[in-house]
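Colleague: Once you've had a glance at the structure underneath, I'll fire off some questions.
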Amino acid sequence: MAFAALFLRDLRLVWRRPGDVAVVLAFFVVATVLFPLGIGPESNLLARIAAGVLWAAALFASLLSLDRLFAADHEDGALDLMLLAPWPLELAVLAKCAAHWMVTGLPLAVLAPLLGVAFGLDAESLAALALTLLVGTPALSLIGGLAAALTLGARRSGALLALLALPLCVPTLIFGASAIEVTATGESVWVHVAILGALALVSLATLPWAIAAALRQAGE
Amino acid sequence: MADLHFLANPARFRRFSQRVLPALWIVTALALVVGLYWGLVIAPPDYQQGDTVRIMFLHVPTASLSMGGYLLLAALGASLLVWRHPLAGLMARATAPVGATYAAVCLITGSLWGRPMWGTYWVWDARLTSFLLLFFLYLGHIALSRAYDDSERGDRAAAILAVVGAINVPIIKFSVDWWNTLHQPDSIMRLGGPTIDPSLLWPLLWMMGALALLFVALVLMRTETEIDRRRLEISENQD
Chain U
138 MAFAALFLRD LRLVWRRPGD VAVVLAFFVV ATVLFPLGIG PESNLLARIA
188 AGVLWAAALF ASLLSLDRLF AADHEDGALD LMLLAPWPLE LAVLAKCAAH
238 WMVTGLPLAV LAPLLGVAFG LDAESLAALA LTLLVGTPAL SLIGGLAAAL
288 TLGARRSGAL LALLALPLCV PTLIFGASAI EVTATGESVW VHVAILGALA
338 LVSLATLPWA IAAALRQAGE
Chain H
3 MADLHFLANP ARFRRFSQRV LPALWIVTAL ALVVGLYWGL VIAPPDYQQG
53 DTVRIMFLHV PTASLSMGGY LLLAALGASL LVWRHPLAGL MARATAPVGA
103 TYAAVCLITG SLWGRPMWGT YWVWDARLTS FLLLFFLYLG HIALSRAYDD
153 SERGDRAAAI LAVVGAINVP IIKFSVDWWN TLHQPDSIMR LGGPTIDPSL
203 LWPLLWMMGA LALLFVALVL MRTETEIDRR RLEISENQD
């Protein structure tokens, strides 16, 4: 119950201020569009780099929205109530990360294939792109959640968050982007999706505890 | 372990390290001089790589020691989180920059070695890339531990990061290996051949020991400084 309440509360907060999500998605689109402008309109080259560009841009976009994940609750005292509440803090962390994924990971997975069309990806690659983002972004939300919890109240927390999260996000990025490449060679994409799923599940099984530990020591 | 707990008290540790450090510095300096002379002058040049093989005497030890340093960082982080040893945070703060410097030396000597051997300073080889990521993990630890006005908060945050990072290191290594086989099927020649000649192996092992001593000496010295700095902070806050 508490899980659902917190999850719906976070979604409702976003619903009341849709601009916050729109900015993240707009960043994703603009950052992606810069690559053809910088590299040139040659469609073969663009189709080759599309997977990496879209995945890296999705990673940045999901990080961009993370610095407010716990900071807003920290400022208005809601985080203290979560720390005092009788239910496990890990569950609250999971609810917040799930809500974050709903409003960033999911829209990014929907939006990315549209941009993929502009990069000249074929139908199979577009499906692989959406699928890998769908399976991989939960891991990004959790890793980013850890970085957000660790940097809560730090100086220059935004840049620090990116420095902490990016090396840890490398495995997800590699398997996400390479899944789209293997569709071109006719290999099965499911191996990559399975590994991405494994990464997401490992994050799901371990990181809520680490995030909760980070929040507890932030509350001390 | 139980015997080491008595050193968890910073004041006691400081007395201990002050007694040990002068002797340790002398041994370290001697070991380094002997090792460098052995490696750079006495050891024969490699039959394939010529004199460039001598870079190995810095490159290989700094590589293993910076990896070991990250494990030490994770162990210190765990003991700070579990036992709340006041010294563990201070020592982690002292260790991270030393480990990062070793990793940087390893990367720099590696690229200097790569230039004559592979014809390029940098290739996106799996080992190089995962080492670069290890260097970034160190940088994250250093930045995080110093990002708070309350130093103990920084210590604890960095401790969690070190533990999570140490769990992630094998996953990162595995994914980079995978990425490399996908992007770059041709592998790169490694140390000239499957075995290394004893005339090169012994000075290498010696340098490994000497640089490990240097690592320990630097960490002890920096830990002393961190203890003093923390005392200053506390006395300033009391005023």
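Here the protein sequences line up with chains U and H, keeping their order.
If you're matching positions, the first sequence starts at 138 in our numbering and goes up one per residue.
If you're matching positions, the second sequence starts at 3 in our numbering and goes up one per residue.
Idealized CB from N, CA, C, for every residue including glycine.
Keep in mind the model is a prediction, meaning the values are calculated, not measured.
#1: Looking at the unbroken alpha helix (DSSP H) that takes in I332(U), where does it start and where does it end?
#2: With a floor of 4 residues, list each alpha helix (DSSP H) that falls wholly inside the segment 231 to 294 of chain U, ordered by position along the chain.
#3: So the alpha helix (DSSP H) L202(U) belongs to, where does it begin and stop?
#4: Name, please, each residue of chain H whose Cβ falls closer than 8 angstroms to the Cβ of I133(U).
#5: Does G356(U) get closer than 8 angstroms to chain H when you measure Cβ to Cβ?
#6: Check the Cβ of A351(U) against every Cβ in chain H and list those closer than 9 angstroms, keeping chain order.
#7: Under 8 angstroms, do A187(U) and L258(U) count as touching if we go by C-beta distance?
#8: Is G214(U) near the ligand ATP - that is, is its Cβ less than 7 angstroms away from at least one heavy atom of it?
#9: Under a three-way DSSP split, which group does G121(H) fall into?
#10: Which whole-angstrom value is the C-beta distance of R21(H) and I229(H), which I expect to be below 8 angstroms?
#11: Using 10 angstroms around the beta-carbon of G121(H), count the other beta-carbons present and answer buried if the total reaches 16, otherwise exposed.
#12: State the Cα-Cα distance for the pair T274(U) and G323(U), rounded to the nearest angstrom.
#13: Quick one, which residues of the segment 298 to 310 of chain U are near chain H if we go by CB-CB under 8 angstroms, in chain order?
#14: Is there a C-beta anywhere in chain U that falls below 8 angstroms from the one on F133(H)?
#15: Going by DSSP, which residues form a beta bridge with G52(H)?
#16: Kindly list, in the order they appear in chain H, the residues whose Cβ is closer than 8 angstroms to that of R293(U).
#17: Given that G290(U) touches chain H, what residues does it touch there, using C-beta distances under 8 angstroms?
#18: So what does DSSP say about W181(H), is it helix, strand or coil?
#19: Given a limit of 9 angstroms on CB to CB distance, which residues of the segment 13 to 34 of chain H reach chain U?
#20: On the CB-based measure, 16 or more other CB atoms within 10 Å of its CB, does A163(U) come out buried or exposed?
#21: Is there a Cβ of chain U sitting closer than 8 angstroms to that of T227(H), yes or no?
#22: How would you list, in chain order, the residues of chain H whose beta-carbon sits under 8 angstroms from the beta-carbon of A347(U)?
#23: Answer with yes or no whether the minimum CB distance from A333(U) to chain H is below 8 angstroms.
#24: With a threshold of 8 angstroms between beta carbons, is L287(U) in contact with chain H?
#25: Here's a check: name, in chain order, each residue in its chain whose Cβ is nearer than 7 angstroms to the Cβ of F165(U), leaving out the five neighbours to either side.
#26: Does M58(H) come out as helix, strand or coil in the three-state DSSP assignment?
#27: Give me the residue from D48(H), W208(H), S153(H) and A160(H) with the minimum Cα distance to N239(H).
#28: Looking at C-beta atoms only, is the number of pairs between the segment 219 to 233 of chain U and the segment 302 to 314 of chain U that lie closer than 8 angstroms three or more?
#29: Within a Cβ cutoff of 6 angstroms, which residues of the same chain sit near A10(H), ignoring the five residues on either side of it in sequence?
#30: In chain order, what residues of the same chain lie with their CB nearer than 8 angstroms to the CB of S201(H), ignoring the 5 residues before and after it?
#31: Could you give the DSSP three-state label for I190(H): helix, strand or coil?
#32: If we define contact as Cβ-Cβ less than 8 angstroms, is A198(U) a contact residue for chain H?
#33: Just reading off the alpha helix (DSSP H) that L146(H) is part of, what are its end residues?
#34: Rounding to the nearest angstrom, what Cα-Cα distance links L183(U) and T269(U) in this structure?
#35: Have a look at P173(U) and L298(U) and give me their C-alpha separation to the nearest angstrom.
#36: Cutting at 8 angstroms between CB atoms, please list the residues of its own chain near L92(H), excluding the five before and the five after it.
Modeller: The answer reads as follows:
#1: On the first sequence, residue 332(U) is found 195 positions in, with the first residue counted as 1. W327 to G356 is the span of the alpha helix (DSSP H), which, as asked, contains I332(U).
#2: 243 to 255 and 260 to 287
#3: For the purposes of this step, residue 202(U) is taken as residue 65 along the first sequence, with counting starting at 1. The sequence shown places Ser at residue 202(U), not Leu. S202(U) -> no alpha helix (DSSP H), and no H or E assigned at all.
#4: For residue 133(U) there is no data in the structure shown, the boundaries of chain U being 138 and 357.
#5: Position 219 of the first sequence, counting from 1, holds the residue named residue 356(U). Taking Cβ atoms only, chain H never reaches closer than 8 angstroms to G356(U), which makes this a no.
#6: Within the first sequence, residue 351(U) is the residue found at index 214, counting from 1. Correct list: R158, A159, I162 and L163.
#7: Against the first sequence, residue 187(U) aligns to sequence position 50. Against the first sequence, residue 258(U) aligns to sequence position 121. Contact: yes.
#8: With respect to small molecules bound, the structure shown includes none, and the ligand ATP cannot be examined in it.
#9: Within the second sequence, numbered from 1, the residue matching residue 121(H) stands at position 119. In the structure shown, G121(H) sits in coil (DSSP, three-state: anything other than H, G, I, E or B).
#10: Your numbering for residue 21(H) matches position 19 in the second sequence. Your numbering for residue 229(H) matches position 227 in the second sequence. Not quite, the Cβ-Cβ distance comes to about 15 angstroms (not below 8 angstroms), so this is no contact.
#11: Position 119 of the second sequence holds residue 121(H). Burial call: exposed.
#12: By one-based count along the first sequence, residue 274(U) stands at place 137. By one-based count along the first sequence, residue 323(U) stands at place 186. So the alpha carbons of these two residues sit roughly 24 angstroms apart.
#13: L300, L301, L303, P304, L305, V307 and P308
#14: Reading the second sequence from its first residue, position 131 is the one you call residue 133(H). So, not an interface residue.
#15: As a position in the second sequence, residue 52(H) is number 50, starting the count at 1. Paired residues: D48(H).
#16: Along the first sequence, one-based indexing puts residue 293(U) at 156. Correct list: A149.
#17: Taking the first residue of the first sequence as position 1, residue 290(U) is located at position 153. Neighbours of G290(U) on chain H, chain order: Y150 and R155.
#18: Counted from its first residue, the second sequence places residue 181(H) at position 179. Correct three-state label for W181(H): helix.
#19: none
#20: Locating residue 163(U) in the first sequence gives position 26, where the first residue counts as 1. Flag for A163(U) reads exposed.
#21: To locate residue 227(H), count along the second sequence from 1; it is residue 225. T227(H) does not count as touching chain U.
#22: For this step, residue 347(U) is matched to residue 210 along the first sequence. Chain H residues near A347(U): I162, V165 and V166.
#23: Numbered from 1 along the first sequence, position 196 holds the residue referred to as residue 333(U). The amino acid at residue 333(U) is misidentified as Ala; the sequence shows Leu. Not closer than 8 angstroms to any Cβ of chain H, the Cβ of L333(U) fails to qualify, so no.
#24: On the first sequence, residue 287(U) is found 150 positions in, with the first residue counted as 1. Judged by the 8 angstroms Cβ criterion, L287(U) is in contact with chain H.
#25: Your numbering for residue 165(U) matches position 28 in the first sequence. A194, A195, A198, L245 and L248, listed in sequence order.
#26: By one-based count along the second sequence, residue 58(H) stands at place 56. Residue state, collapsed to three classes: helix.
#27: The sequence position of residue 239(H) within the second sequence is 237, counting from 1. Among D48(H), W208(H), S153(H) and A160(H), the Cα nearest to that of N239(H) belongs to S153(H).
#28: no
#29: One-based indexing of the second sequence puts residue 10(H) at position 8. So the list reads H87 and L89, once near-sequence residues are dropped.
#30: Position 199 of the second sequence, counted from the first residue, corresponds to residue 201(H). Answer for S201(H): A45 and P46, listed in chain order.
#31: Start at 1 with the first residue of the second sequence, and residue 190(H) comes out as number 188. Confidence at I190(H) is low in this model, with a pLDDT of 44, below 50, so its placement is unreliable and the value that follows should be read with caution. Note: I190(H) maps to coil in three-state DSSP.
#32: Counting from one through the first sequence, the residue named residue 198(U) turns up at place 61. For A198(U), the answer is no, since every Cβ of chain H falls outside 8 angstroms of its Cβ.
#33: Sequence index remark: in the second sequence, residue 146(H) carries index 144 (1-based). Run containing L146(H): A128 to S147, per the alpha helix (DSSP H) assignment.
#34: Position 46 of the first sequence, counting from 1, holds the residue named residue 183(U). Position 132 of the first sequence, counting from 1, holds the residue named residue 269(U). L183(U) and T269(U): Cα-Cα distance of roughly 19 angstroms.
#35: Position 36 of the first sequence, counting from 1, holds the residue named residue 173(U). Position 161 of the first sequence, counting from 1, holds the residue named residue 298(U). Computed Cα separation, rounded: 28 angstroms.
#36: The count along the second sequence starts at 1 and reaches residue 92(H) at position 90. Excluding residues within five positions, the ones whose Cβ falls inside 8 angstroms are P12, D157, T225, E228, I229 and R232.
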